[in-house]
Amino acid sequence: MGPVLSQHGFAPDGATGDIEFGDLPAWSVFYRREDCKLQVCWSAREGGIDFLLASVDAPNEFGLLNKSKKWQFLLLLSDFDDGLSTPALDAAADVWWQWRRALFEAHFPAAHAALLAHE
Numbered sequence: 087m088g089p090v091l092s093q094h095g096f097a098p099d100g101a102t103g104d105i106e107f108g109d110l111p112a113w114s115v116f117y118r119r120e121d122c123k124l125q126v127c128w129s130a131r132e133g134g135i136d137f138l139l140a141s142v143d144a145p146n147e148f149g150l151l152n153k154s155k156k157w158q159f160l161l162l163l164s165d166f167d168d169g170l171s172t173p174a175l176d177a178a179a180d181v182w183w184q185w186r187r188a189l190f191e192a193h194f195p196a197a198h199a200a201l202l203a204h205e
């Protein structure tokens, strides 16, 4: 994901390290650009990786807890129909990462515009 995020102007901005969410393992990694922040997070409880967007003043907090109420799911901000098919559950890890990259690239422009419109 790093090269894709860099192409969109994001730079690393920290990580939560290993935490617990619903008594199960979780983590999040934060990225920043001049007009917004991005979080890539995972939790065993939710069973997957999520992308969240926030304004630049949002704290680096685990987005699924979202105590500040500033983090929003990328896919909920976007109204774009990507036409992408979700990989099979037993697909290789690289197939899943290719899908995540395509998902991010398809939805980021619309989600970013929606985030900025709400500020």
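Going letter by letter, the sequence shown gives residues 87 to 205 in our numbering.
Backbone N, C-alpha and C fix where the C-beta goes; we use that ideal spot for every residue, glycine too.
Residue environment analysis places residue 158 among the buried positions, since at least 16 neighbouring C-beta atoms fall within 10 angstroms of its C-beta.
Minimum Cα-Cα distance from residue 167 among the listed residues 151, 152, 194 and 154 corresponds to 194. Within the segment 134-169, the complete beta strand (DSSP E) runs of at least 3 residues fall at 134-140.
Excluding its 5 nearest sequence neighbours in each direction, residue 110 has C-beta neighbours in its own chain below 7 angstroms: 129, 130 and 131, listed in chain order. With 16 or more other Cβ atoms from the protein chains shown falling within 10 Å of its own Cβ, residue 114 counts as buried.
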